[in-house]
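Protein chains in written order, with my numbering: chain A, 1 to 225; chain B, 1001 to 1225.
Number of protein chains: 2
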Amino acid sequence: MAQSDTVDRILDAAEELFAERGFSETSLRMITSKAKVNLAAVNYHFGSKNALIHAVFARFLTPFSATLESAFDQLEARCDGKPPTLNQTLWALTESAVRMPQRNEKGISIFMRLLGLAYTQSQGHLRKFLEQEYSEPFSRFMGLLKEATPQLSAVDRYWRIQFMLGATAFTMSSSDALQDILRNKLGVETTVQEIAARLVPFLAAGMQAQDTMLTPPAGARLPVA
Amino acid sequence: MAQSDTVDRILDAAEELFAERGFSETSLRMITSKAKVNLAAVNYHFGSKNALIHAVFARFLTPFSATLESAFDQLEARCDGKPPTLNQTLWALTESAVRMPQRNEKGISIFMRLLGLAYTQSQGHLRKFLEQEYSEPFSRFMGLLKEATPQLSAVDRYWRIQFMLGATAFTMSSSDALQDILRNKLGVETTVQEIAARLVPFLAAGMQAQDTMLTPPAGARLPVA
DNA sequence: ATGTGCTTCAAACGTATGTTTCAAACAGAC
DNA sequence: GTCTGTTTGAAACATACGTTTGAAGCACAT
């Protein structure tokens, strides 16, 4: 948690504040005062606020994408020849995320929340940065999904992947708030691992749903007003 | 599309800009210049930026929640006694959203995107506003879901509902961009109705997934490094 | 025409932001 | 110790924001 180097102190503070409040809502002054560092240090070490955002993502995304690649390597090796199943692919992704070495106990949820924010908040510069830095593991994941669901048409698969992304990004991006609600309403504590364990079967079942229902079932239509 | 009244022009512009860029990233000056209205008009007619955000939500959420209530009424009447099925409940919601009278062709995706933002961007004041204004149809929907999935534990159901919300809000909120990609890559046209038709079976299948897998399947674990 | 209540307008206010500046402090090599 | 390149510090910069102000414009009843 506590690095004494200025750069790391800034990254730690920024990561946490970005995850809590989003990018635009977090000012450099909040970051530098939380990091106990001079305001000018951000622009000195990173160049700009946007570059700091990129650095925050790079710090955890680069090791994560390496972990993910090797997880996919091992998975494919174990399946020699046969394409991995949908469940195996989703689990490889989940386990890679969960097993990433964390700087502190909030590590995973910060990680997830930042990924959700990256997708959710428009932030054009961020999306471009992520696309050109991490497109490889992403398209590899897409390829595995395709092999694991040969029964789906390209269009069906496309949309169902979007649904999966949405459920994941959305849930993770508000997971702290959701956990609070759950704690208050049901008196239950939840870890990110448990959320992931609930999410994977949901996604797998949705992905493999039998019918694409192109018209509503009889009797479900509202009468025309 | 084009209302000549100042209040409506502001609401139209704000709605579109908020959906595109989020709340903090949209300034009053952007809104008023898009609406071709004086800057002070927002504070004159609405009182503050936050109150404008509330008004944007109220304008589409109030009629929607009325539509939804009556859809649920009809559904329960048709089922007399028996609880509606999960598919029926989801379809009632979907049809209500799709059939809402829209101000323009982007109506539904703006609507969905705003709902997603309301959940995603922290914006404490918004969450409070929505909770106290629209808790009724929300909890009614939750009640129907509960009756339709008696096999789920409260905690499982809670999380699966979050997953459904996520898949829906996320997909609909970026459906314009997604449709563009689909058109270019696969040469297919897609309507919001068709997306909904693909979404509902996905959600229903995920919601009814058999197992909540609290440990990964054997052989899916990564060897310890 | 005159007065009245509501609406628009240009301008300014105070505050917060990201960024820059330049002198001071520091560390390591000679 | 002195020089050199790097890092920190306090202060200022320019800009953008939400909000407020007070005069001007307008519609309409009297």
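Heads up, the beta-carbon is just placed ideally off N, CA and C, and yes, glycines get one too.
Note that the stretch 1084-1098 of chain B touches the stretch 1196-1203 of chain B; at least 3 beta-carbon pairs, one per stretch, sit closer than 8 Å.
For A/THR26 against A/LEU17, the beta-carbon gap comes to about 4 Å, under 8 Å, which counts as contact.
The beta carbon of A/VAL188 falls within 8 Å of a beta carbon belonging to chain B, placing the residue at that interface. From the listed residues B/LEU1152, B/ALA1066, B/ASP1012, B/ARG1183, the smallest Cα separation to B/ILE1053 is found for B/ASP1012. Interface criterion met: the Cβ of B/ARG1160 is under 8 Å from a Cβ in chain A. At a beta-carbon threshold of 8 Å, the residues of chain B lying near A/LEU199 are TRP1159, PHE1163, ordered along the chain. Under a criterion of Cβ atoms nearer than 7 Å, the residues of chain A adjacent to B/ALA1167 are, in order, PHE163, GLY166, ALA167. For A/GLN193, the enclosing alpha helix (DSSP H) begins and ends at 192-207. Pairing A/PHE60 with A/SER135, the inter-Cα distance amounts to about 15 Å. In the DSSP assignment, A/SER135 falls within the alpha helix (DSSP H) that extends over 124-148. Identification of residues in the stretch 15-35 of chain A having a C-beta nearer than 7 Å to some C-beta of chain B yields ARG21, GLY22, SER24, GLU25, given in sequence order.
Setting aside the 5 residues that flank it on each side, B/PHE1141 is surrounded in the same chain by LEU1093, each with a C-beta closer than 7 Å to its C-beta; the list follows chain order. In this structure, A/VAL192 sits away from A/SER65, with a CB-CB distance that is not shorter than 8 Å. Within chain B, the residues placing a beta-carbon under 7 Å from that of A/ILE195 are TRP1159, ordered along the chain. What A/ASP156 touches in chain B, judged by beta-carbon distance under 9 Å, is ARG1198, going in chain order. Using a Cβ-Cβ cut-off of 8 Å, B/LEU1152 does not count as an interface residue toward chain A, since no Cβ of chain A sits closer than that to its own. Only exposed fits A/THR62, as fewer than 16 other CB atoms lie within 10 angstroms of its CB. Take A/PHE170, set aside five residues on each side of it, and the residues of its chain with a beta-carbon closer than 8 Å to its own are GLY116, THR120, in chain order.
Look at the beta carbons and you see the stretch 1035-1053 of chain B not touching the stretch 39-46 of chain A: under three pairs across the two are nearer than 8 Å. The three-state reading of DSSP puts B/LEU1011 in helix, counting H, G and I together. Relative to B/GLU1131, the option among B/ASN1087, B/VAL1037, B/ALA1058, B/PRO1084 whose CA is nearest is B/ALA1058.
Considering only beta carbons, no part of the stretch 35-69 of chain A lies closer than 7 Å to chain B.
Going by C-alpha positions, B/ASN1087 is about 57 Å away from A/ASN38. The three-state reading of DSSP puts A/SER33 in helix, counting H, G and I together.
Chain B places a beta carbon closer than 8 Å to that of A/ALA205, counting this residue as a contact.
Pairing A/THR89 with A/LEU165 gives a Cβ-Cβ distance that is not under 8 Å.
For the pair A/LEU126 and A/ALA167, the Cα-to-Cα distance works out to about 21 Å. The DSSP-derived three-state label of A/GLN151 is coil. Contact annotation, B/ALA1019 with B/ARG1099: C-beta distance approximately 20 Å; criterion of less than 8 Å not satisfied. Of the residues assessed, B/LEU1186 falls on the exposed side of the cut-off, its CB having fewer than 16 other CB atoms within 10 angstroms. Bounds of the alpha helix (DSSP H) holding A/SER65 are 49-78. Annotation: B/MET1100 is outside any alpha helix (DSSP H) and is labelled neither H nor E by DSSP. Per DSSP, reduced to three states, the secondary structure at A/SER24 is coil, with no helix or strand assignment. Taking C-beta atoms under 8 Å as the contact rule, B/ARG1160 and B/GLY1206 qualify, at a distance of about 7 Å. Membership of B/LEU1117 in the alpha helix (DSSP H) is indicated by the continuous run 1107-1120. Looking at the backbone, the Cα of A/PRO101 and that of A/MET172 are separated by about 18 Å.
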